[in-house]
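The structure appears below as structure tokens.
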Ligand code: PLP
């Protein structure tokens with residue numbers, strides 16, 4: 001018997017022990033897209049489905065040691081970053097990626113949990129913009145994250161376009177501003193520096209958690225499988241939608257996305 005080869009994609013993210021968001025959700029998402037997910041942990045959080053109680057970042061050298069161990073052995077087709085916790089982790093990671101990384105990179109600029117807990121030190125945002133965004137194939141802010149990153153309110157589809165332009169100027173190849181927080185339909189705006197693509201989406205009345213993590217992990221998996229960015233965004237959005245309609249209640253707080261077969 002010979003073993004088959006499989007596409008490998010990487011999540012660089014935090015641990016939500018309840019599996020609704022972060023690394024555990026990313027690996028389930030990657031498995032659902034037919035790739036083998038590998039994970040580099042940046043921080044542990046103490047959280048459940050109700051909310052985040054605290055977080056504990058790993059030292060940057062521990063993050064880099066995990067990356068080095070994977071990189072010297074595995075061929076990784078694409079990666080995503082999620083919760084990065086500190087400016088020092090961002091600095092170390094961006095330097096490592098600039099030296100070692102050539103494959104697609106999805107940057108989910110995780111700043112605050114939906115329960116309100118900060119997941120990135122406030123003074124790290126400048127480093128995220130200066131060092132990590134220029135390395136991204138796609139950066140995927142939601143409206144509060146886009147607002148924080150561009151410094152003006154992003155609350156309408158027009159403002160999403162302006163935010164996409166402002167973020168594109170920082171260096172990522174594509175910007176996907178996600179409209180899940182819009183008052184009406186959940187329109188997403190994708191921009192490559194020349195053309196805007198809008199992805200209309202009707203709202204699903206379901207307060208789940210982990211949708212941003214799942215979208216960016218699905219994007220990494222699909223880019224790793226060789227899809228174009230437009231096709232990957234289309235399919236990743238459909239996956240998030242499908243898992244929202246299959247949401248599962250596992251605790252007293254928000255339901256989790258239904259990744260189970
Ligand atoms: N915990 C971890 C480890 C995360 O990476 C994230 C989001 O990226 C969250 C919690 C927050 O998820 P949500 O805002 O969907 O509750």
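Residue numbers (UniProt numbering): 1 to 261.
Beta carbons are placed, not taken as given, at the ideal position from N, Cα and C, and that holds for glycine.
- [ ] Counting only the same chain and skipping the five closest in sequence on each side, list residues whose C-beta sits under 7 Å from that of residue 90.
- [x] 84, 124, 127, 128, 131, 132
Task: Spatial distance of residue 212 from residue 23 (CA atoms) - done: 12 Å
TODO: State the start and end residues of the unbroken alpha helix (DSSP H) segment that holds residue 216.
DONE: 211-224
Open item on the list: Going by C-alpha to C-alpha distance, which of 196, 14, 36 sits closest to residue 57?
Closed with: 14
- [ ] Rank 222, 31, 261 by C-alpha distance to the C-alpha of residue 77 and give the top, closest one.
- [x] 222
- [ ] Buried or exposed for residue 100, please, with buried defined as at least 16 other CB atoms from any protein chain shown within 10 angstroms of its CB.
- [x] exposed
TODO: Check whether the Cβ atoms of residue 80 and residue 257 lie closer than 8 Å to each other.
DONE: no
Open item on the list: Measuring only the C-alpha atoms, how far is residue 186 from residue 88?
Closed with: 34 Å
Task: Heavy atom of the ligand PLP within 7 Å of residue 54 beta-carbon - done: no
- [ ] Go ahead and label residue 11 buried or exposed: buried means 16 or more other beta carbons lie within 10 angstroms of its beta carbon, across all protein chains shown.
- [x] buried
- [ ] Assign residue 53 to one of two classes, buried (16 or more other C-beta atoms within 10 Å of its C-beta) or exposed (fewer than that).
- [x] exposed
- [ ] Answer with yes or no whether the minimum CB distance from residue 261 to chain B is below 8 Å.
- [x] Protein chain content of the structure displayed is limited to a single chain, and chain B is not contained in it.
Open item on the list: Do residue 26 and residue 82 count as a contact pair if the criterion is CB distance below 8 Å?
Closed with: yes
Task: Limits of the unbroken alpha helix (DSSP H) element including residue 60 - done: 60-71
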